[in-house]
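Those protein sequence lines, which keep their order, are chains A and B. Numbered by my numbering, the letters in the first sequence go through residues 2 to 259 in order. Numbered by my numbering, the letters in the second sequence go through residues 51 to 352 in order. Cβ atoms here follow ideal geometry from the backbone N, Cα and C, with glycine treated the same way. Structure first, commentary second.
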Amino acid sequence: MIEEAPLLRAQNVTRLYGGRVGCRDISFSLWPGEVLGVVGESGSGKTTLLRSLAGFEPPDEGAIHFRHGTEEHDIYALDEASRRAMMRTEWGMVHQNPRDGLRLDVSAGGNIGESLMARGDRHYGKMRARITDWLQRVEIDSSRIDDSPQSFSGGMQQRLQIARVLVAEPRLVFMDEPTGGLDVSVQARLLDLLRVLVRDLHLAAIIVTHDLAVARLLTDRLIVMKDGHIIEEGLTDQILDDPHHAYTQLLTSAVLSA
Amino acid sequence: MTPASQHDPDYNYAYLDEATKRMLRRCLLKAIAIPGYQVPFASREMPLARGWGTGGIQITAAIIGPADTLKVIDQGADDTTNAVSIRHFFARVTAVATTEETTKASLIQTRHRIPEEPLRDGQILVYQVPLPEPLRKLIPSESETRKIHAWAEYGPIYVRLYEDIAQYGHVTSTYSHPILVNDRYIASPTPIPKFDNPKMHMSPALQLFGAGREKRLYAIPPYTKVKSLDFEDYPFALQRWDEPCALCGSTSSYLDEVIINDANERMFVCSDTHYCETRRAEGHEGPQLAKAQSVRLTGCAP
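See below:
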């Protein structure tokens with residue numbers, strides 16, 4: 002499953018907020034089709050790291066390399082136009098709050114369609130068919146295609162956001178607490194859906210979560226962060242079953258049934 | 051045509067000071083060099099409120115000269131308050147000849163219409179623009195829309211068309227339908243009816259757009275490609291009327307709906323008053339001409 006060259010390489014990524022550390026010296030590689038989890042408590046720098054990786058905020062030190070074809074690009078050394086083009090076509094971001102990732106004044110279909118129009122689709126009928134297909138894949142009734150996302154439940158909004166990102170056929174998806182704020186049964190369905198989509202589409206994903214159950218279900222590898230540093234990394238099962246670092250041990254023992 | 055007289059000596063020629071006119075001309079040259087690109091300019095206070103046509107007036111003031119003949123229209127009409135006032139203003143501060151005849155004008159300032167008679171080489175059409183940014187309703191941030199224009203990331207603007215078709219089955223915009231200029235920049239045609247959009251394509255006249263409140267101007271040079279946005283399977287389409295102009299019988303002009311009494315009776319008449327009058331003078335007659343003349347609804351001469 003793991004191909005030779007990594008898709009994404011983070012090298013000593015450091016992000017400072019004045020004197021405070023957002024994240025420091027983060028290095029790792031991500032291979033195509035791999036799902037990487039980033040866990041840690043609130044304020045440990047997970048989201049800061051994700052925003053740097055996804056092209057939103059340049060790191061203060063270090064570099065992020067993304068492989069496009071056979072070439073590796075330092076995404077912050079690229080000019081902004083190319084970086085934005087890569088953000089539209091190569092990877093996508095699923096925000097914790099669906100309101101950050103959706104246009105609430107545009108219909109559900111329009112939200113998915115925008116990703117298609119952004120890459121140049123100009124045929125209404127063909128777009129409509131793809132949108133309907135994607136609504137079904139994220140288990141939204143296709144009769145709701147013209148409804149406003151404001152009339153959707155939280156879980157549906159989150160699934161709509163996922164469809165909006167995945168319809169552009171990215172190779173990598175960033176997810177920031179994708180199940181945050183959803184009740185347990187809805188979380189379970191969403192996780193199931195994500196697992197199927199990630200496997201079917203052979204997507205690479207980086208999932209930030211504080212929920213070890215989510216990490217166990219979705220991820221192949223884990224990075225554990227504390228105070229902006231990586232304190233432990235390895236295969237998910239290995240880390241959750243046999244944590245080495247004292248903090249990771251605390252984290253796993255704090256969960257009732259991870 | 052009203053011949054030239056003496057311009058009011060209390061004002062500089064064309065009202066604006068010479069330095070301002072030079073600034074505007076520099077901006078206009080840049081706008082013409084990059085068709086459809088919005089050039090920022092230092093909009094001046096004019097003797098009327100921002101949003102009432104100050105952008106168009108400043109452009110006209112910057113390029114008008116003694117040899118020009120000026121026509122001013124407001125929603126197609128030469129004889130409404132705005133058109134009369136602006137025409138009078140320029141007659142006073144420049145003493146140029148003014149006219150209502152499209153073919154005789156060298157400079158036409160317009161609010162929201164393109165004259166029905168085809169424009170020709172050498173004519174200049176100046177538009178008054180309220181909102182120059184076609185993406186503004188979707189993207190409130192100016193720095194973001196500038197980036198979108200710079201890199202031609204024009205996906206989001208199609209969302210508007212998509213939503214129309216999804217909700218109503220066709221594109222419902224009747225005015226201000228966005229245009230792609232010279233295959234590069236998306237621009238607002240200003241609130242002209244989309245009926246007029248095709249007239250912008252390959253027009254022999256120079257088209258200049260000024261937004262005074264928003265401090266932007268842009269241009270479409272003569273013989274430039276102008277495409278109205280559409281989808282492949284929903285091509286750009288114009289609205290049609292079921293009846294001809296009630297006064298002149300024209301079936302090819304843009305018609306305004308006019309309610310004529312309390313009994314819900316209405317008639318459709320050309321919005322371009324000069325075009326309508328010319329046709330009537332040539333002997334064309336619409337179905338309600340006699341009736342309209344009897345109640346003095348024909349505008350100028352009965």
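Delimiting residues of the alpha helix (DSSP H) encompassing A:W135:
125-138
I'd like to know if B:G205 contacts chain A, where contact means its C-beta is closer than 7 Å to some C-beta of that chain.
Yes, because at least one Cβ of chain A sits closer than 7 Å to the Cβ of B:G205.
For my contact list, B:L120 and B:A64 are in at a C-beta cut-off of 8 Å; report their separation, rounded to the angstrom.
Not quite, the Cβ-Cβ distance comes to about 11 Å (not below 8 Å), so this is no contact.
Output, in chain order, the set of chain A residues within a Cβ distance shorter than 7 Å of B:I215.
Y125
By the 10 Å Cβ neighbour count, where 16 or more other Cβ atoms means buried, how is B:P241 classified, buried or exposed?
buried
Residues of the segment 267-296 of chain B in Cβ contact with chain A at a cutoff of 7 Å, in chain order, please.
From the segment 267-296 of chain B, only F281, E282, D283, Y284 have a Cβ closer than 7 Å to chain A.
Can you check the segment 248-305 of chain B for any beta strand (DSSP E) of at least 3 residues that lies completely inside it and give the ranges in chain order?
256-261, 266-270, 276-278
Give a yes or no on contact between the segment 248-256 of chain B and the segment 185-194 of chain B, applying the rule of three or more CB pairs nearer than 8 Å.
Taking a contact to require three or more Cβ pairs closer than 8 Å, the segment 248-256 of chain B and the segment 185-194 of chain B do not qualify as touching.
Counting along the chain, where does the alpha helix (DSSP H) carrying B:A112 start and finish?
104-113
How should B:Q125 be labelled, buried or exposed, when 16 other C-beta atoms within 10 angstroms of its C-beta is the threshold for buried?
buried
From A:Q239, A:G46, A:R138, A:V197, pick the residue whose C-alpha is nearest to that of A:V14; which is it?
For the residues A:Q239, A:G46, A:R138, A:V197, the minimum Cα distance to A:V14 belongs to A:G46.
Does the distance from the CB of B:L175 to the CB of B:A255 come in under 7 Å?
yes
B:Q108 classed as buried or exposed, judged by whether at least 16 other C-beta atoms fall within 10 angstroms
So B:Q108 counts as buried.
B:Y87 CB to nearest chain A CB: under 7 Å?
no
Compare the C-alpha of A:L223 against each of A:F29, A:C24, A:G38, A:G23 and name the closest.
A:G38
Should B:G333 be flagged as near chain A, meaning a C-beta pair shorter than 7 Å?
no
Using 8 Å for Cβ pairs, my map puts A:V185 next to A:I113. What's the rounded Cβ distance?
Not confirmed; about 27 Å, so no contact.
Under 9 Å (Cβ pairs) to chain B, residues found in the segment 108-125 of chain A
S108, G110, G111, N112, G114, E115, S116, L117, M118, A119, R120, G121, D122, R123, H124, Y125
Nearest-angstrom Cα separation, counted from B:M96 out to A:I208
57 Å
In whole angstroms, what is the alpha-carbon distance linking B:Q289 and B:A331?
When rounded, the separation of the alpha-carbon atoms in B:Q289 and B:A331 is 27 Å.
On the DSSP bridge list, what partners appear for A:R222?
DSSP, once it has assigned bridges, lists A:L37, A:L236 as partnering A:R222.
Do you know whose CA, among B:Q338, B:E327, B:L339, lies nearest B:D128's CA?
For the set B:Q338, B:E327, B:L339, the Cα lying nearest the Cα of B:D128 is the one of B:E327.
Spatial neighbours of B:P90 in its chain, beta-carbon cut-off 7 Å, leaving aside the 5 residues before and after
K265, R266
Taking A:G93 as the reference, give the member of A:R172, A:I232, A:D243 with the closest Cα.
A:R172
How big is the Cα-Cα spacing for B:T104 and B:Q56?
24 Å
Any chance the segment 199-213 of chain B sits against the segment 115-130 of chain A, with 3 or more Cβ pairs inside 8 Å?
yes
Name the chain D residues whose beta carbon is nearer than 7 Å to that of B:Y218?
The structure shown has no chain D; the protein chains it does contain are A and B.
Under 7 Å between C-beta atoms of B:H227 and B:N247
yes
Sort out for me which residues DSSP pairs A:E73 with in a bridge.
A:R68
Whole-number beta carbon distance between A:L8 and A:A205, since they are thought to touch under 8 Å:
5 Å
Residues of the segment 129-151 of chain A with a CB closer than 7 Å to any CB of chain B: list them in chain order, please.
D147
Where do the N-terminal and C-terminal ends of the alpha helix (DSSP H) with A:S116 fall, by residue?
109-119
Assign A:L161 to one of three DSSP states: helix, strand, or coil.
helix
Is the segment 229-236 of chain A close to the segment 59-71 of chain A, with three or more CB pairs under 8 Å?
no
DSSP beta-bridge partners of A:Y18
Bridge pairing for A:Y18: A:R21 [DSSP].
At the level of alpha carbons, what is the spacing between A:S53 and B:P180?
39 Å
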